[in-house]
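Quick notes on the structure that follows.
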Amino acid sequence: MSSQPLVWLLGLLMATPLLAQDARQIIEEVQKRQRSESQHYEGTLEVIGGGNRIATKRWTFDRIGSFGNSKSILRFTVPAEVKGVGLLIINHPDRASDQWMWRPAIGREQRIALQDRSTRFFGTDFSFEDLEERDVAQFDFKLVGDEGGVWKLESTPRKSSQYTRSLLWVRKENYTMIKVESYNKKGLVRSIDYRDFEQVKGIWTARTTAIQDVTRNSRTTLKYDKLEYNLPLKDADFTLDALRRGT
Amino acid sequence: MMLLRLISWPYARKHLLRWLLTLTGIVLGVGVFVGMHTANQSVLAAFHETIDRIAGTTQLQVTAGEPGFDEAVLEKVQALAEVRAASPVIEATVGTDSGNVLILGVDMLGDRSLRTYDFEDTDTAIDDPLVFLAQPDSLIVTRTFAGKNGLQLNSRVPMKTMQGDLVFTVRGIMKPGGLASAFGGDLAIMDIYAAQKFFGRGRKFDRVDLALQDGLTLEQGAAKLRAALGPGFEVEPPSSRGDQFEQTSRAYTLGSNITSVFALFIGMFIIYNTFAIAVTQRRAEIGILRALGATRKQIRTLFLAESAVAGLAGSSLGVLFGIALARGMSGYIGGMLTDVYGVAQHSGALALDPWLLGGALAMGVVTSLVAAVIPARAAAALDPVKALQKGRNQALTERENRVRRWWALGCAVAAGGALVGSNNSFIFYAGFVLSVIASVLLAPTLTLWLSQALRPVLSALRPVEGTLAADSLIQGPRRTSGTVAALMLSLALVVSLGGLSRSSFASLNEWMSVALNPDLFVTTGETLTSRTFVFPASLGEGLRKIPGVGELQMVRSVRVTVKNAPVMIVAIDVHSLERRTGMRPLEGDARTMYQQVARGEGVLVSENFAHLRGARLGEVLEIPAPRGVLRLPIAGIVRDYSDQQGSLLMSRDQFIQAWNDDTVNIFRIYLAPGADEAAVRQRILDAYGNTQRLFVLTNRDVRQYITRLTDQWFGLTYVQIAVAVLVAMLGIVNALTVSITDRRRELGVLQAVGGLRQQIRHTVWMEAVAIGFIGIVLGLALGAVELYYALGIAQRDMIGIEIGYSYPVGVALALAPVILIAAFLAAIGPAESAVRGSLVEALEYE
Chain A
1 MSSQPLVWLL GLLMATPLLA QDARQIIEEV QKRQRSESQH YEGTLEVIGG GNRIATKRWT
61 FDRIGSFGNS KSILRFTVPA EVKGVGLLII NHPDRASDQW MWRPAIGREQ RIALQDRSTR
121 FFGTDFSFED LEERDVAQFD FKLVGDEGGV WKLESTPRKS SQYTRSLLWV RKENYTMIKV
181 ESYNKKGLVR SIDYRDFEQV KGIWTARTTA IQDVTRNSRT TLKYDKLEYN LPLKDADFTL
241 DALRRGT
Chain B
1001 MMLLRLISWP YARKHLLRWL LTLTGIVLGV GVFVGMHTAN QSVLAAFHET IDRIAGTTQL
1061 QVTAGEPGFD EAVLEKVQAL AEVRAASPVI EATVGTDSGN VLILGVDMLG DRSLRTYDFE
1121 DTDTAIDDPL VFLAQPDSLI VTRTFAGKNG LQLNSRVPMK TMQGDLVFTV RGIMKPGGLA
1181 SAFGGDLAIM DIYAAQKFFG RGRKFDRVDL ALQDGLTLEQ GAAKLRAALG PGFEVEPPSS
1241 RGDQFEQTSR AYTLGSNITS VFALFIGMFI IYNTFAIAVT QRRAEIGILR ALGATRKQIR
1301 TLFLAESAVA GLAGSSLGVL FGIALARGMS GYIGGMLTDV YGVAQHSGAL ALDPWLLGGA
1361 LAMGVVTSLV AAVIPARAAA ALDPVKALQK GRNQALTERE NRVRRWWALG CAVAAGGALV
1421 GSNNSFIFYA GFVLSVIASV LLAPTLTLWL SQALRPVLSA LRPVEGTLAA DSLIQGPRRT
1481 SGTVAALMLS LALVVSLGGL SRSSFASLNE WMSVALNPDL FVTTGETLTS RTFVFPASLG
1541 EGLRKIPGVG ELQMVRSVRV TVKNAPVMIV AIDVHSLERR TGMRPLEGDA RTMYQQVARG
1601 EGVLVSENFA HLRGARLGEV LEIPAPRGVL RLPIAGIVRD YSDQQGSLLM SRDQFIQAWN
1661 DDTVNIFRIY LAPGADEAAV RQRILDAYGN TQRLFVLTNR DVRQYITRLT DQWFGLTYVQ
1721 IAVAVLVAML GIVNALTVSI TDRRRELGVL QAVGGLRQQI RHTVWMEAVA IGFIGIVLGL
1781 ALGAVELYYA LGIAQRDMIG IEIGYSYPVG VALALAPVIL IAAFLAAIGP AESAVRGSLV
1841 EALEYE
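Keeping their order, the protein sequence lines are chains A and B. Mapping to the numbering used here: the first sequence position 213 is 213, numbers consecutive. Mapping to the numbering used here: the second sequence position 163 is 1163, numbers consecutive.
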């Protein structure tokens, strides 16, 4: 189980009731219900900092491949100053992802080092690690509570992570993740809420993700437009060359 | 205490001018010493502070000399389990209208693990982190720099880059303190990949800063990194960079230390002289005190207490003067070190070392006390009857002279003997010190002999005045010899440094005419030493096509540690160098050495490298490079003054291969036959001047630049010399004042029997000029000896270059009238005082 918010919003929500009580089974079912071969959306990002100052950006997001073994490309489209900046993520089932950033103004890509994954993703309240997909095999899970219609689980990473543990809330009705709280040694770091669920091509999908960086006291809201699943995307569009080409 | 109040204080008030002159001698001596040391220390401390502030929590730094290394090295470092955080850095100093600014190129994604960026407003500081990264024109500046230049968020900052003249945008302002205080606050942060582009660094980093996992020691971490990266890399804590700069600039530090100590010595000599004169002059007072029952101990204590008070007052003022001097000089020294070594220096706040200040204070007091010990003892030993007899104590006894001469002879013989073992530094420096002591000990005797030799000349010039002046010198050698000795030491300093400077210029000119013979130099900066920016090799192809360009040499110079010293590697097309300059080797075979180097089977080393590092022809040097250690034999030793620490000339092809770096610092251009220099220069500027940072210097420009740099190098020395001469002049004023007071009755009698005031004036003037003349003779002679030592020190410990002995005749000829005029000017005041005093009082004196 991972604590990555975007992962869960990529296609969390498939709903067939399952009476599974085992934590890992719950998470596997969550993943199964959101499975898609590809995904595309246009996101609108609002970062609300101190003094309620709001910075707005837009990006497009494309993903191909199965969960934990997928590739995705994210490209900023608005504002003009950041247009074309891209991020290629290649997830691996057995280890941390590879990530490259493309900066058109200087015409080069930059590898995001593993050590830098805990840093903020371009001034948002996400970290680069939050953008990864990590296979359930990379975590230990424990069911820590039953809050009526919602299961409360705890995940602990087996491999290197900025988080020591995360608490996950999964709605029993449709196996959708509705909230994640991520902790490090010092305490709560990030809190993510998934909202405005609707079904897209049979997958329960949150149309809004709100993330709060507790240490900085700032929050970011991501809204999803033009969300589609299982589009005919090509592998060749998820390479470093493709990142450089900007296609 | 009571004696001080009742006896010393009225005397000091009565002879206020003399005491002020004495104090001035102490103030200048201590002041120059404190000023030079404090200014040097301040610049070095500012450099260390900058390193420290930039380092943040960095524990170790990975470097591979100045050229840096490929980006792939960063991944290797980051992949190590022992490394908690690693971030690449490019450092560059860029000149702006308001002075140099240190630009730190960092990867803002990971750098915050190592450095704290404290912004003025958390949200608006980096107005938008994504914009900062997406837009390579982004700069974060400090509040200090912003305030100085009237910048705000989104302000525009023009800068000359390798991409031409660009305008950068301020996207963040850091609060003062911590990192923002580095380089005196003149700091700006730029994205590292943008810095690569704008400074022409290709895909290279200068270094990687890193922090280790908890629980690892620096030694453990460094060992792991060295094992992973190989021997071409250095893994050291940040502080080692400061140590390396200190090593690079040690020639300057040593030189300034020697001259400042010499200046202090001259100042101290004046103090000694002044006190000796004061004690001698007050012999009548001593006689009265002794006749009234004062014990010898009381007399001795009185004079020692006086000297202690004067020493304390003068030293205190000297320390204050030194601090003020340091404040004025540190900026100059910082600028000079930046120009000479190509490593930007910023003179920050003065680094006041309490030990240095306390030491200088104590030195002033102790020297005053030491200076007073002998006169005080002599005063205490005085027979009251003899003490009341005028003039007795101004003469030196034959026994005194004999003892001095024997000591002088001993020192001179020892100094001569030291020449035999001068390969040993200690023996060499001991010989230097002994030669100075011998000359000081001989000064009274030589002064007496020269005064006697001058008597007929002075008498011939002015029978009455000349004879009186000469007799005054002969009768009062104790009064005169101290001043002469101080003047002698000052002039010897002038001669030796002037000779060193003259010989250096001569050697430099000879080298420039051989090695620096291209017609044009295309550089990235107005200074040849700056290596912040580099050209792409492709520019060379473009330059070759410009009409009028005959031959082009691409030069890459980088500082790399070889034989534990930061030396300069100069990579160049060796065949072209041989063809165009034909530099003859000091050692090695001129026919084969160039071929050997061109094949990548050897290096040429500069003479100073060989001297300073004890390198020999054929010795295999280990040169660390990112792709492994190069082991190359020394194929030849040549005269090359590219760098004070020494230089290694290697094949450009080999450099490119070993460092994976084909960039260029300087293009050396030889014009095609018949081509017009100005026209070719203009064509180059027209073709590339607008698209990238580029300067085209003519051969004349480069020579002038190097000459100016050398002038700058000697600049502070000249200041010290001026102070030393000034102190010596104060000695003349003092000696004359005493002389006039001593001879007040004699001068009064002269006036009473019809002597004209003008004759009195002439007497004093002639005495002063005679002191100046004797000082000149002895100073120029001692200077000849000191020049030998100065050249030796320069060769063995400073620049390692063998400079031919060439006595600065021009300096000597110029000095003579200057000193004689100065001596005359110094005599005007005392002479007027002699003629304006009351005749009755003068006749009543004593």
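Glycine included, C-beta positions come from ideal geometry on N, C-alpha and C.
Could you give the C-beta distance for residue i and residue j, rounded to a whole number, given that I count them as a contact under 8 Å?
| i | j | result |
| --- | --- | --- |
| Tyr1807/B | Ala1790/B | Their Cβ separation, rounded to whole angstroms, is 12 Å, which puts Tyr1807/B and Ala1790/B out of contact at 8 Å. |
| Val1106/B | Ile1192/B | 5 Å |
| Ala1571/B | Ser1651/B | 7 Å |
| Ala1768/B | Ala1827/B | 3 Å |
| Pro1067/B | Asp1661/B | 5 Å |
| Asp193/A | Ala210/A | 5 Å |
| Leu1109/B | Asp116/A | 5 Å |
| Ala1180/B | Thr1142/B | 4 Å |
| Ile1637/B | Glu1587/B | 4 Å |
Looking at the secondary structure, which residues open and close the alpha helix (DSSP H) in which residue i lies?
| i | result |
| --- | --- |
| Asp1686/B | Glu1677 to Tyr1688 |
| Thr1144/B | Arg1143 to Asn1149 |
| Gln34/A | Ala23 to Gln34 |
| Phe67/A | It is not in any alpha helix (DSSP H) - Phe67/A carries neither H nor E in the DSSP assignment. |
| Ser1425/B | Ser1425 to Leu1461 |
| Phe1132/B | Pro1129 to Ala1134 |
| Arg1013/B | Trp1009 to Lys1014 |
| Lys1197/B | Ile1192 to Phe1198 |
| Pro1847/B | Because chain B spans 1001 through 1846 in this model, residue 1847/B falls outside it and cannot be assessed. |
For the candidate residues the options, whose alpha-carbon lies nearest to that of residue i?
| i | options | result |
| --- | --- | --- |
| Val1403/B | Leu1442/B, Trp1009/B, Arg1836/B and Leu1225/B | Leu1442/B |
| Gly68/A | Thr60/A, Thr208/A and Ser38/A | Ser38/A |
| Phe1033/B | Thr1217/B, Leu1356/B and Pro1136/B | Leu1356/B |
| Phe1132/B | Ala1194/B, Thr1561/B, Ala1469/B and Ala1598/B | Ala1194/B |
| Arg1579/B | Gly1588/B, Ser1256/B, Gln1553/B and Gly1600/B | Gln1553/B |
| Ala1438/B | Pro1456/B, Ile1776/B and Leu1409/B | Leu1409/B |
| Ser1647/B | Gly1829/B, Leu1292/B, Val1560/B and Ile1258/B | Val1560/B |
| Met1162/B | Leu1685/B, Asn1699/B, Tyr1718/B and Phe1533/B | Phe1533/B |
| Arg1584/B | Pro1518/B, Phe1535/B and Glu1510/B | Glu1510/B |
| Val1664/B | Asp1573/B, Gly1095/B and Ile1799/B | Asp1573/B |
| Thr1483/B | Leu1458/B, Pro1444/B and Ala1492/B | Pro1444/B |
| Tyr1718/B | Val1495/B, Gly1614/B and Asn1564/B | Val1495/B |
| Glu1607/B | Arg1796/B, Met1488/B, Leu1694/B and Ala1812/B | Arg1796/B |
Counting only Cβ pairs nearer than 8 Å, list the residues of chain A close to residue i.
| i | result |
| --- | --- |
| Arg1112/B | Thr119 |
| Pro1129/B | Arg120, Phe122 and Gly123 |
| Gln1078/B | Ala113, Leu114 and Gln115 |
Could you work out which residues of chain B lie near residue i, taking near to mean beta carbons separated by less than 7 Å?
| i | result |
| --- | --- |
| Ile106/A | Pro1136, Tyr1193, Ala1194 and Lys1197 |
| Glu81/A | Val1131, Ala1134 and Gln1135 |
Just curious, the beta strand (DSSP E) that residue i is in, first and last residue?
| i | result |
| --- | --- |
| Ala1822/B | Where Ala1822/B is concerned, there is no enclosing beta strand (DSSP E), although the alpha helix (DSSP H) it sits in stretches over Val1809 to Arg1836. |
| Asn1100/B | Gly1099 to Val1106 |
| Gly1636/B | Leu1630 to Val1638 |
| Thr176/A | Thr176 to Asn184 |
| Met101/A | Asp98 to Arg103 |
Using a cut-off of 8 Å between C-beta atoms, extract the partners of residue i located in chain B.
| i | result |
| --- | --- |
| Arg103/A | Leu1133, Ala1134, Pro1136 and Tyr1193 |
| Lys57/A | Leu1130 |
Can you pull the chain A neighbours of residue i, defined as C-beta to C-beta under 7 Å?
| i | result |
| --- | --- |
| Leu1109/B | Ile112, Asp116 and Thr119 |
| Ala1085/B | Gln115 |
In chain B, which residues lie less than 9 Å from residue i when you measure between Cβ atoms?
| i | result |
| --- | --- |
| Val85/A | Leu1130, Leu1133 and Ala1134 |
Measuring from the CB of residue i, is there a heavy atom of the ligand ADP at a distance below 7 Å?
| i | result |
| --- | --- |
| Ala1227/B | This structure lacks the ligand ADP; in fact it carries no ligand of any kind. |
Unbroken stretches of the beta strand (DSSP E), 3 residues or longer, contained in the region 1158-1188 of chain B: As far as the region 1158-1188 of chain B is concerned, its whole beta strand (DSSP E) runs of at least 3 residues are 1164-1174.
Would you mind listing the alpha helix (DSSP H) stretches within the region 1522-1590 of chain B that are 4+ residues and don't spill past its ends, in chain order? List check, alpha helix (DSSP H) in window: 1538-1544 and 1574-1581.
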